[in-house]
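Here is the structure we will look at, set down as structure tokens.
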Amino acid sequence: MEIVDDSPVSGEWHRSERAVAGRTILYLHGGGYVFGSPKSHRDATFALAREAAADVFSLDYRMAPEHPFPAAVDDAINAYEWLLSEGRNPKTLVIGGDSAGGGLTLALLLSIKERGLPMPAGALLYSPWTDLAATGASLTANEESDVMFKAIYISEGAKRYLGDADPTTPLASPLYGDLSGLPPMMIFATNSEVLLDDSVRLHDRLKSAGVASELHLEDGLCHVWPIFPGRFPEATAAVKKAAAFIQKRTGG
Numbered sequence: 000m001e002i003v004d005d006s007p008v009s010g011e012w013h014r015s016e017r018a019v020a021g022r023t024i025l026y027l028h029g030g031g032y033v034f035g036s037p038k039s040h041r042d043a044t045f046a047l048a049r050e051a052a053a054d055v056f057s058l059d060y061r062m063a064p065e066h067p068f069p070a071a072v073d074d075a076i077n078a079y080e081w082l083l084s085e086g087r088n089p090k091t092l093v094i095g096g097d098s099a100g101g102g103l104t105l106a107l108l109l110s111i112k113e114r115g116l117p118m119p120a121g122a123l124l125y126s127p128w129t130d131l132a133a134t135g136a137s138l139t140a141n142e143e144s145d146v147m148f149k150a151i152y153i154s155e156g157a158k159r160y161l162g163d164a165d166p167t168t169p170l171a172s173p174l175y176g177d178l179s180g181l182p183p184m185m186i187f188a189t190n191s192e193v194l195l196d197d198s199v200r201l202h203d204r205l206k207s208a209g210v211a212s213e214l215h216l217e218d219g220l221c222h223v224w225p226i227f228p229g230r231f232p233e234a235t236a237a238v239k240k241a242a243a244f245i246q247k248r249t250g251g
């Protein structure tokens, strides 16, 4: 592990000893934009590094309420530009994230398109939070089955991140953005979580925009279950699927 704290960005490199030269994952951790860190997600990122034979850069982006939207998006685009300046080839680079980090992954892709930068090879999303306006039907339909969240947690969490920003602005809620031209994506979610519709609607809108999208749904699991490899078999299996996607997208 290598900690980066003296460059334009902060974060941690989590490397595989058998990493394919140049294969890179930029990982954006979850935590509702208010908590979490590269350290809190090391189990997930080291597992991805190992299974995908890649170098993972886990970004330590600024968080609300001290640093509300769009600080996290600004840090993410700075990290992507930094990786490119360091010689990382976008054709062998995948961006990934869980929950808020999944939404931030999509916001970063929209920023990359807006700036005319080369797109990465793909994106990996674990239960992404894509709609901060909180309009998904699953927010109420799955309140009893979700073991982590209630609908109120989502709407109140959005306010802490957004400040005075419009909750439907695409860089905060990518579900409302123009998704055309984005790279292929793999999405994981569970049928029992309140954010289920954030993944299902995203998948549908990606396909409508001509973007290749794979949606993997499981029953009865917790939000962002793939970040817990080794703790139960479904998480380990999800990481293997994600690694296969990354290898396919980055050549090998």
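Reading the sequence shown from the start, the letters are residues 0 to 251 in numbering that gives the first Met the number 0. Yeah, the Cβ is synthetic: ideal placement off N, Cα and C, and Gly gets one too.
- With fewer than three CB-CB distances shorter than 8 Å, the region 218-236 does not count as touching the region 174-181.
- In this structure, VAL199 keeps its C-beta atom at 9 Å or more from the C-beta atom of ASP145.
- In the DSSP assignment, no residue is bridged to TRP81.
- In this structure, THR249 places its C-beta atom within 9 Å of the C-beta atom of ARG22.
- Boundaries of the alpha helix (DSSP H) around ASP203: 195-207.
- Contact between THR129 and LEU174 holds: CB atoms are separated by about 4 Å, below the 8 Å threshold.
- In this structure the region 34-45 does not lie against the region 134-142, because fewer than three pairs of beta carbons, one per stretch, are closer than 8 Å.
- Collapsing the DSSP output to three states places ASP97 in a strand.
- Taken in chain order, the unbroken stretches of beta strand (DSSP E) that lie wholly in the region 152-196 and span 3 residues or more are 184-189.
- The continuous stretches of beta strand (DSSP E) do not include ASP42, which lies in the alpha helix (DSSP H) extending over residues 41-51.
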